[in-house]
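Chain order of the listed sequences is A and B. 1 is the number of the first residue of the first sequence in this note's numbering; add one for each residue after it. 381 is the number of the first residue of the second sequence in this note's numbering; add one for each residue after it. For each residue, glycine too, the CB sits at the ideal point set by N, CA and C. Just so we're clear, the structure is a prediction, and the values are computed from it rather than from any experiment.
There are 2 protein chains.
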Amino acid sequence: MPGKETLPVRGAQGDLLRLVAAGHAESRAELARLSGLAASSVSLRVEELIGSGLLVEEGAGTSRGGRRPRRLRLSPRAGLLAVADLGAHHARLGLLDLSGTPLVVEERPCDIMDGPEATIDWMAGAFEDMLAAHAPPGVPLRGVGTGVPGPVDPATGRVVAPSRMPGWNNFPVAERLAAHFGLPALVENDANLMAAGEARAWPGCETLMVLKAGSGIGCGVIVNGALHRGRGAAGDISHVRVRSDSSVTCSCGHDDCLEAYASGAALMSVLAEQGIEVRRPADVVALVEDGVPEATALVRNAGRLIGEVLTVLVNFVNPDAIVIGGGLSAAEPLISAIRAAVYERCLPLATRDLEISTTRSGPDAALLGAGSLLLDAVLA
Amino acid sequence: MPGKETLPVRGAQGDLLRLVAAGHAESRAELARLSGLAASSVSLRVEELIGSGLLVEEGAGTSRGGRRPRRLRLSPRAGLLAVADLGAHHARLGLLDLSGTPLVVEERPCDIMDGPEATIDWMAGAFEDMLAAHAPPGVPLRGVGTGVPGPVDPATGRVVAPSRMPGWNNFPVAERLAAHFGLPALVENDANLMAAGEARAWPGCETLMVLKAGSGIGCGVIVNGALHRGRGAAGDISHVRVRSDSSVTCSCGHDDCLEAYASGAALMSVLAEQGIEVRRPADVVALVEDGVPEATALVRNAGRLIGEVLTVLVNFVNPDAIVIGGGLSAAEPLISAIRAAVYERCLPLATRDLEISTTRSGPDAALLGAGSLLLDAVLA
DNA sequence: CGGCTTGTCTTCGATTTCGAAGGAAGTTGG
DNA sequence: CCAACTTCCTTCGAAATCGAAGACAAGCCG
Numbered sequence: 001m002p003g004k005e006t007l008p009v010r011g012a013q014g015d016l017l018r019l020v021a022a023g024h025a026e027s028r029a030e031l032a033r034l035s036g037l038a039a040s041s042v043s044l045r046v047e048e049l050i051g052s053g054l055l056v057e058e059g060a061g062t063s064r065g066g067r068r069p070r071r072l073r074l075s076p077r078a079g080l081l082a083v084a085d086l087g088a089h090h091a092r093l094g095l096l097d098l099s100g101t102p103l104v105v106e107e108r109p110c111d112i113m114d115g116p117e118a119t120i121d122w123m124a125g126a127f128e129d130m131l132a133a134h135a136p137p138g139v140p141l142r143g144v145g146t147g148v149p150g151p152v153d154p155a156t157g158r159v160v161a162p163s164r165m166p167g168w169n170n171f172p173v174a175e176r177l178a179a180h181f182g183l184p185a186l187v188e189n190d191a192n193l194m195a196a197g198e199a200r201a202w203p204g205c206e207t208l209m210v211l212k213a214g215s216g217i218g219c220g221v222i223v224n225g226a227l228h229r230g231r232g233a234a235g236d237i238s239h240v241r242v243r244s245d246s247s248v249t250c251s252c253g254h255d256d257c258l259e260a261y262a263s264g265a266a267l268m269s270v271l272a273e274q275g276i277e278v279r280r281p282a283d284v285v286a287l288v289e290d291g292v293p294e295a296t297a298l299v300r301n302a303g304r305l306i307g308e309v310l311t312v313l314v315n316f317v318n319p320d321a322i323v324i325g326g327g328l329s330a331a332e333p334l335i336s337a338i339r340a341a342v343y344e345r346c347l348p349l350a351t352r353d354l355e356i357s358t359t360r361s362g363p364d365a366a367l368l369g370a371g372s373l374l375l376d377a378v379l380a
Numbered sequence: 381m382p383g384k385e386t387l388p389v390r391g392a393q394g395d396l397l398r399l400v401a402a403g404h405a406e407s408r409a410e411l412a413r414l415s416g417l418a419a420s421s422v423s424l425r426v427e428e429l430i431g432s433g434l435l436v437e438e439g440a441g442t443s444r445g446g447r448r449p450r451r452l453r454l455s456p457r458a459g460l461l462a463v464a465d466l467g468a469h470h471a472r473l474g475l476l477d478l479s480g481t482p483l484v485v486e487e488r489p490c491d492i493m494d495g496p497e498a499t500i501d502w503m504a505g506a507f508e509d510m511l512a513a514h515a516p517p518g519v520p521l522r523g524v525g526t527g528v529p530g531p532v533d534p535a536t537g538r539v540v541a542p543s544r545m546p547g548w549n550n551f552p553v554a555e556r557l558a559a560h561f562g563l564p565a566l567v568e569n570d571a572n573l574m575a576a577g578e579a580r581a582w583p584g585c586e587t588l589m590v591l592k593a594g595s596g597i598g599c600g601v602i603v604n605g606a607l608h609r610g611r612g613a614a615g616d617i618s619h620v621r622v623r624s625d626s627s628v629t630c631s632c633g634h635d636d637c638l639e640a641y642a643s644g645a646a647l648m649s650v651l652a653e654q655g656i657e658v659r660r661p662a663d664v665v666a667l668v669e670d671g672v673p674e675a676t677a678l679v680r681n682a683g684r685l686i687g688e689v690l691t692v693l694v695n696f697v698n699p700d701a702i703v704i705g706g707g708l709s710a711a712e713p714l715i716s717a718i719r720a721a722v723y724e725r726c727l728p729l730a731t732r733d734l735e736i737s738t739t740r741s742g743p744d745a746a747l748l749g750a751g752s753l754l755l756d757a758v759l760a
């Protein structure tokens with residue numbers, strides 16, 4: 001009976017379970033090092049966790065010069081997480097086991113303009129479909145989480161002043177989800193989720209900036225290994241004023257915001273003015289790959305503007321890496337223009353070991369991040 | 381015999397001592413809440429710490445509705461810290477007890493241009509003078525720390541690529557100090573020390589940006605209550621490109637750095653060109669207070685430029701407060717120009733509860749910060 | 001004043017954790 | 001191949017920690 005009841009989240013067992021689930025530890029020895037507990041205590045608790053079916057021993061790890069460790073994993077039967085990443089016109093949805101490994105990921109069309117009530121109902125229905133189709137019998141759902149394309153107040157789980165989500169302002173999304181499933185629920189900005197997901201793919205990097213370049217421009221920040229939320233808007237770079245000859249007024253009311261020049265939406269509207277039909281950021285990438293000069297020039301300029309904004313932040317934050325994801329990140333000229341700007345203008349101390357590259361987690365980064373953060377809520 | 385021997389830094393006693401020393405806890409009950417230990421265990425360990433003369437009970441605190449707590453303090457006889465803040469032409473030096481309370485603070489002229497060897501010898505001599513004059517007999521020195529006006533590699537305690545400290549590059553300052561006194565030693569950038577010092581004066585603020593506006597422009601960042609060091613240059617804002625009509629080349633080799641327009645040094649050189657004699661940032665403040673229009677306009681412009689740079693960082697980091705210190709911070713027009721720029725251009729979510737004001741810890745902020753950080757080294 | 005509530009601190013048996021010692025299972029290097 | 005070393009994991013008595021119960025000391029309030 002693998003933990004149909006509540007999970008052991010308190011005390012030493014909970015600590016050890018968290019370390020394994022978060023992917024920080026894979027063996028009793030590692031658990032001892034990271035938890036600060038004595039090796040003997042770790043063995044005792046791990047034996048109990050295996051006994052209750054939450055952990056499983058799975059083969060041997062690689063030796064570090066001595067006896068090989070016996071690898072520990074979270075049992076796939078310990079529970080499931082249902083996660084989603086809401087976009088403007090479609091959503092990715094997934095089921096993960098408690099170690100964050102996806103069982104199934106789907107993309108379905110939806111429309112957040114229908115408002116929060118309808119969208120949450122739709123999402124709940126989609127989750128139930130997926131559970132019916134893919135969840136092994138007897139494995140309980142432990143938590144639900146979703147990303148939204150707007151700022152979220154970390155204290156309340158409410159969406160706050162979202163520019164692309166009319167009708168959602170101050171709606172208690174997390175509360176509703178929690179009530180519907182009777183489970184811990186998580187709501188977080190989509191770029192923040194991407195950052196949390198990437199963080200697991202960049203071991204050794206304590207400080208990370210993860211840029212989401214899609215229709216909008218978002219950024220998530222990992223500081224000291226943890227997501228930095230600030231007041232819910234942390235990581236915002238879209239409304240930074242950029243140096244420009246012309247003058248464009250942004251939806252926020254100010255002039256010359258980065259978003260008005262370098263977001264996917266801005267690029268698409270310029271292309272449309274030139275009579276080139278594009279519907280999504282991926283179409284822009286396709287134009288660039290086809291060598292359409294107008295598109296390439298636009299994308300390169302967007303990269304330069306983004307890079308100039310990043311220089312300020314790189315000097316200030318000194319990240320270990322900048323990760324670029326989102327629909328536009330597949331466009332090479334964007335990446336190279338960002339790299340050029342950052343390496344040219346930043347302090348040598350800040351760029352000496354700085355890596356700038358595209359996502360390692362791919363399109364599921366946000367779902368993985370939702371799993372990672374949701375785990376903290378489930379095991380707490 | 382109040383702990384002439386080594387301090388108990390390991391295990392529960394160490395944890396409790398740290399909590400009291402850092403100012404987080406003042407009673408057994410608070411210690412129990414913050415340490416996670418059972419109240420009974422806390423009482424046992426506290427009794428031992430009092431027995432060994434490290435803690436003292438000092439009167440009663442204020443009731444929170446029930447019995448009044450018996451206040452705990454670090455014994456003034458538990459030990460001393462010697463701390464310094466090196467500037468270009470003068471240094472502040474102080475002796476603190478282990479709870480960070482200053483016994484004595486002095487300002488002495490010195491010249492870091494004499495190079496690291498001479499300066500460290502000078503500092504050691506000054507510390508020994510002060511100890512002889514002010515240290516109660518039998519109270520041991522537990523650690524030594526200093527701030528320097530340049531970046532410091534957090535891993536090695538070496539000064540790295542300092543623009544205003546020729547001869548210091550890569551010099552192992554911390555190592556030398558530690559060797560000279562045979563004690564834990566700390567070396568840190570001066571703005572970072574200011575930030576660590578201010579952090580203790582802003583309880584409830586998890587994320588803080590502390591600007592040091594003096595001859596140069598520095599900034600220290602507190603994220604989640606801890607100093608964010610990055611690669612040693614974190615918090616740098618002096619080499620951000622600003623929007624400007626003219627074009628000035630900075631010492632870093634790039635054009636139009638903030639430092640070249642808004643630092644105290646830059647203001648002084650402009651005033652000098654106009655035939656107005658000034659020798660230190662305080663003289664600029666005096667001119668502003670005397671209503672000299674050239675000085676006021678210059679300072680206000682500097683504030684605007686600094687504020688525009690801060691807008692980017694406020695949107696990104698979402699600090700709870702921006703604290704402005706350093707020699708120029710006494711100039712009202714600087715503060716109000718910074719406020720105007722930040723409140724005008726930042727996202728409402730980021731500025732809603734943002735406080736922008738001058739230092740609460742005053743001119744000793746850096747010394748207090750050195751004490752705070754040094755404590756971690758001493759109790760570790 | 002005397003209950004009532006809230007919060008602080010101690011006592012003591014039950015439980016958990018520690019740490020030293022040792023066995024198990026590898027790697028490294030003659 | 002064997003000896004020396006490393007790392008991983010378990011065993012078992014000693015020591016620290018927990019937590020429930022209660023004494024103690026206030027503030028609150030009629």
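Residues in its own chain within less than 7 Å of B/Ala613 by CB, not counting five upstream and five downstream? Pro531
Would you tell me roughly how many angstroms separate the C-alpha atoms of A/Lys212 and B/Ala464, rounded to the nearest one? 44 Å
Rounded straight-line distance, which links the Cα of A/Leu186 to that of A/Ala370: 8 Å
Relative to the C-alpha of A/Ala282, which candidate in A/Ala295, A/Arg304, A/Gln274 and A/Gly275 has its C-alpha closest? A/Ala295
Short-range partners of chain B found in the stretch 226-251 of chain A, where Cβ spacing is below 9 Å: Ala226, His228, Arg229, Gly230, Arg231, Gly232, Ala233, Ala234, Gly235, Asp236, Ile237, Ser238, His239, Val240, Arg241 and Arg243
Along chain B, which residues have their Cβ under 8 Å away from the Cβ of A/Thr156? Neighbours of A/Thr156 on chain B: none; closest Cβ ~13 Å, over 8 Å.
Do A/Ser27 and A/Gly61 have their C-beta atoms closer together than 8 Å? yes
Neighbour list for A/Pro281 in chain B, Cβ cutoff strictly below 7 Å: Within 7 Å Cβ-Cβ: nothing; A/Pro281 doesn't reach chain B, min ~23 Å.
To the nearest whole angstrom, what separates the beta carbons of A/Ser263 and A/Ile217, a pair I think is in contact under 8 Å? 5 Å
Other residues of its chain near A/Ala380: CB distance less than 7 Å, five sequence neighbours each side excluded: Val9
Using a Cβ-Cβ cutoff of 9 Å, what residues of the stretch 344-361 of chain A are near chain B? List them in chain order. Glu344, Arg345, Cys346, Leu347, Pro348, Leu349, Ala350, Arg352, Asp353 and Leu354
In whole angstroms, what separates the C-alpha of B/Val400 from that of A/Thr101? 43 Å
If the criterion is Cβ atoms closer than 8 Å, does the pair B/Arg453 and B/Val519 meet it? no
Would you verify that the beta carbon of B/Leu693 is, or is not, closer than 8 Å to some beta carbon of chain A? yes
In the DSSP assignment, what residue or residues form a beta bridge with B/Asn695? According to DSSP, which records beta bridges pairwise, B/Asn695 is partnered with nothing at all.
Kindly list, in the order they appear in chain B, the residues whose Cβ is closer than 9 Å to that of A/Phe171. Going along chain B, no residue has its Cβ under 9 Å from A/Phe171, so there is no contact; the nearest lies around 16 Å.
So, is A/Asp114 buried or exposed, given that buried needs 16 or more other C-beta atoms within 10 angstroms? exposed
Checking 8 Å against the spacing of the C-beta atoms, do A/Arg241 and A/Cys257 come in under that value? yes
Residue range of the unbroken beta strand (DSSP E) whose run includes A/Pro109: Pro102 to Pro109
Could you give the residue range of the alpha helix (DSSP H) that holds B/Ala662? Pro661 to Glu669
Three-state secondary structure assigned by DSSP to B/Val436: strand
Three-state secondary structure assigned by DSSP to A/Met1: Unreliable positioning characterises A/Met1 in this predicted model, as indicated by a pLDDT of 43, which lies under 50. The coordinate reading is nonetheless provided below. Note: A/Met1 maps to coil in three-state DSSP.
What residue from A/Cys205, A/Ala178 and A/Ala302 has the CA that sits closest to A/Ala266's CA? A/Ala302
Could you pull out every residue in the same chain whose Cβ sits closer than 7 Å to the Cβ of A/Glu175, ignoring the five residues on either side in sequence? Gly157
Proximity to B/Pro534 [Cα-Cα], best of B/Arg609, B/Leu411, B/Ile617 and B/Glu578: B/Arg609
Relative to the C-alpha of B/Val692, which candidate in B/Pro713, B/Pro542, B/Ala730 and B/Arg659 has its C-alpha closest? B/Ala730
Give the single residue among B/Val528, B/Val484, B/Gly525 and B/Arg522 whose Cα lies nearest to the Cα of B/Asp509. B/Val484
Compare the Cα-Cα distances from B/Asn569 to each of B/Val590, B/Pro583, B/Gln393 and B/Pro699 and report the closest residue. B/Val590
Spatial neighbours of A/Ala377 within its chain, please: CB distance less than 7 Å, with the 5 preceding and 5 following residues excluded, ordered by chain position. Gly143, Pro184 and Leu186
Between the stretch 79-92 of chain A and chain B, which residues of the former have CB atoms less than 9 Å from a CB of the latter, in chain order? none
To the nearest angstrom, how far is the alpha carbon of B/Pro449 from that of B/Gly416? 18 Å
Rounded to whole angstroms, what's the CA-CA distance from B/Leu521 to A/Ala22? Just pull it up for me. 42 Å
With 16 other Cβ atoms within 10 Å as the buried cut-off, status of B/Ala513: exposed
Between which two residues does the alpha helix (DSSP H) harbouring A/Ala179 extend? Val173 to Phe181
Collapsed DSSP secondary structure at B/Leu466 in the structure displayed: strand
Below 7 Å on C-beta distance, what does B/Asn572 contact in chain A? Ordered by position in chain A, no residue passes the 7 Å Cβ test against B/Asn572, which lies about 12 Å from the chain.
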